[in-house]
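Asker: My questions all concern the structure below.
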């Protein structure tokens, strides 16, 4: 088998995460203070993949280029591939054909997270040499996913995209492994009813033409971070695995459990209960930060309680008489309250927004 390449899809419009994605790519929204996209790049690098193509959209491509760079920070080489319109995953494969050439490759959706990386899967793909390897997981709502049907011997017989009446609960995870034959399969299919070249149809073409598609049922967790609740759940899952590290300044403050306080962060009369991560430049004063909270660089929390939330760089919460929970705050956004009526709050606030609560 030739050298394996990587393909990460980071196009799309991110409509399910608006207003955050009005001003930023959904793949750059951080989970545990690290852009979702970086988890996929790191997973490929850990599996020995050195050449990675990233599919970008005209609207957000430049931002992704600026943040991910040439790949040297990950130990890989990144090539950016522009997809003018989000016309489906199989269309993205065809768009990247000149980069991929005759190499087998791993395709990874840039807004997905997969526990444990892909080393084991890459090893199985190299050793068994199928024409494709697809990852599957059991879900409660298979009608929202591409769904696989298997033979009694475990081989893939049928794939259906978002079926109205799913035959199984096995959904396709956003990680695939292909040989170059997928290019011909993508060219052989027609757009679906929603006008896209579906990767499920391309894989079905492989099956129908007698090529071998191996399934792999994921044992750990997998998350598509396209919605707020999924982002918060992914944040929780990753924070559950952190190791405590206190490098910032604590003044009359208490830190309990698995908490990371990076150098340059300052806590003044604050209480933090982990798992939580506080980035450099953050300033917490007279506040409580509860479990499963990620506070990015240069954030400020003062006279407030925050729990199970994600605060992006430069955001602030002040004088909030009550607890903010299960929230996502965009970059440089502001929330403040001036009265004393306590209550609980849940926010999804876009970048550079300001909310005053009477």
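Residue numbers (the UniProt record's numbering): 1 to 358. The beta-carbon is built from N, C-alpha and C at its ideal position, and this holds for glycine as well. This one's a predicted model, so the numbers in the text were calculated from it and none came from an experiment.
#1: What are the residues that DSSP puts in a beta bridge with residue 112?
#2: On a CA-only basis, which of 175, 197, 193 and 326 is nearest residue 184? Give me that one, please.
#3: Are the beta-carbon atoms of residue 255 and residue 277 separated by less than 8 Å?
#4: Residue 33 and residue 103 - do their beta-carbons sit closer together than 8 Å?
#5: Going by other Cβ atoms of all chains shown within 10 Å of its Cβ, with 16 needed for buried, is residue 161 buried or exposed?
#6: Starting from residue 182 and walking both ways along the alpha helix (DSSP H), at which residues does that stretch end?
#7: Does the contact criterion of 3 or more C-beta pairs under 8 Å hold for the stretch 213 to 226 versus the stretch 150 to 166?
#8: For the stretch 165 to 175 against the stretch 188 to 195, are there 3 or more C-beta pairs whose distance is under 8 Å?
#9: Would you check if the distance between the CB atom of residue 308 and the CB atom of residue 326 is smaller than 8 Å?
#10: Counting along the chain, where does the alpha helix (DSSP H) carrying residue 204 start and finish?
#11: Using a 10 Å radius around the Cβ and a threshold of 16 neighbouring Cβ atoms, would you call residue 275 buried or exposed?
#12: What are the boundary residues of the alpha helix (DSSP H) that residue 124 is part of?
#13: For my contact list, residue 283 and residue 300 are in at a C-beta cut-off of 8 Å; report their separation, rounded to the angstrom.
#14: For the 8 Å Cβ check, are there 3 or more pairs between the stretch 76 to 90 and the stretch 35 to 50?
#15: Could you give the uninterrupted runs of the alpha helix (DSSP H) lying entirely in the stretch 218 to 287, keeping only those of 4 residues or more?
#16: Am I right that residue 146 and residue 200 are in contact with their C-beta atoms under 8 Å? What's the rounded C-beta distance?
#17: Can you name, in chain order, every residue of its own chain whose Cβ lies under 7 Å from the Cβ of residue 99, other than the five neighbours on each side?
#18: Does DSSP put residue 83 in a helix, in a strand, or in coil?
#19: Look at the alpha carbon of residue 26 and the alpha carbon of residue 331, and state the distance between them as a whole number of angstroms.
#20: Less than 8 Å between C-beta atoms, sequence neighbours within five positions excluded: which residues of the same chain meet that for residue 233?
#21: Determine the DSSP secondary structure at residue 91, reduced to helix, strand or coil.
#22: Tell me the residue span of the beta strand (DSSP E) that contains residue 56.
#23: Using the rule of at least 16 other Cβ atoms within 10 Å of the residue's Cβ for burial, across every protein chain shown, is residue 387 buried or exposed?
#24: Buried or exposed, going by whether 16 or more other CB atoms sit within 10 Å of the CB of residue 220?
#25: With DSSP run on the structure shown, which of helix, strand or coil describes residue 321?
#26: Given a cut-off of 8 Å, decide if residue 86 and residue 11 are closer than it, judged by their beta-carbon atoms.
Answerer: Put simply:
#1: What you label residue 112 is simply residue 112 of the chain shown in a count that begins at 1. Beta-bridge pairing links residue 112 to 224.
#2: Taking the chain shown and counting its residues from 1, one reaches residue 184 at position 184. Residue 184 has its Cα closest to that of 197, out of 175, 197, 193 and 326.
#3: Start at 1 with the first residue of the chain shown, and residue 255 comes out as number 255. Start at 1 with the first residue of the chain shown, and residue 277 comes out as number 277. Cβ atoms of residue 255 and residue 277: not closer than 8 Å.
#4: Position 103 of the chain shown, counting from 1, holds the residue named residue 103. Position 33 of the chain shown, counting from 1, holds the residue named residue 33. 8 Å or more divides the Cβ of residue 103 from the Cβ of residue 33.
#5: The residue given as residue 161 occupies position 161 in the chain shown. Result: buried.
#6: As a working note, residue 182 is residue 182 in the chain shown. Per DSSP, the continuous alpha helix (DSSP H) segment holding residue 182 begins and ends at 181 to 188.
#7: yes
#8: no
#9: In the chain shown, counting from the first residue as 1, residue 308 sits at position 308. In the chain shown, counting from the first residue as 1, residue 326 sits at position 326. Cβ atoms of residue 308 and residue 326: closer than 8 Å.
#10: As a position in the chain shown, residue 204 is number 204, starting the count at 1. 199 to 208 is the extent of the alpha helix (DSSP H) around residue 204.
#11: Position 275 of the chain shown, counted from the start, is the residue given in the question as residue 275. Buried: at least 16 other Cβ atoms inside 10 Å.
#12: For the purposes of this step, residue 124 is taken as the residue at position 124 of the chain shown. From DSSP, the alpha helix (DSSP H) with residue 124 extends over 119 to 128.
#13: The count along the chain shown starts at 1 and reaches residue 283 at position 283. The count along the chain shown starts at 1 and reaches residue 300 at position 300. Contact flag correct, Cβ pair sits at about 5 Å.
#14: The stretch 76 to 90 vs the stretch 35 to 50: in contact.
#15: 228 to 239
#16: Along the chain shown, read from residue 1 onward, the residue named residue 146 stands at position 146. Along the chain shown, read from residue 1 onward, the residue named residue 200 stands at position 200. Right, the Cβ-Cβ distance comes to about 4 Å (below 8 Å), so this counts as a contact.
#17: The residue labelled residue 99 in the question sits at position 99 within the chain shown. Excluding sequence neighbours, residue 99 sits near 53, 79 and 81.
#18: Indexing the chain shown from 1 puts residue 83 at position 83. It is coil, neither helix nor strand.
#19: Counted from its first residue, the chain shown places residue 26 at position 26. Counted from its first residue, the chain shown places residue 331 at position 331. Cα-Cα distance, rounded: 13 Å.
#20: The residue given as residue 233 occupies position 233 in the chain shown. Once the five neighbours on either side are set aside, the close Cβ partners of residue 233 are 223.
#21: Position 91 of the chain shown, counting from 1, holds the residue named residue 91. DSSP places residue 91 in the helix class (H, G or I) of the three-state scheme.
#22: Here residue 56 corresponds to residue number 56 of the chain shown, with the count starting at 1. Where residue 56 is concerned, the enclosing beta strand (DSSP E) stretches over 51 to 56.
#23: Any answer about residue 387 is impossible in this case: the structure gives the chain only from 1 up to 358.
#24: On the chain shown, position 220 is the one that residue 220 refers to. Exposed, because fewer than 16 other Cβ atoms sit within 10 Å of the Cβ of residue 220.
#25: Counting from 1 along the chain shown, the entry for residue 321 is found at position 321. DSSP places residue 321 in coil when its eight states are reduced to three.
#26: Indexing the chain shown from 1 puts residue 11 at position 11. Indexing the chain shown from 1 puts residue 86 at position 86. Yes; because the gap between Cβ atoms is below 8 Å, this pair is in contact.
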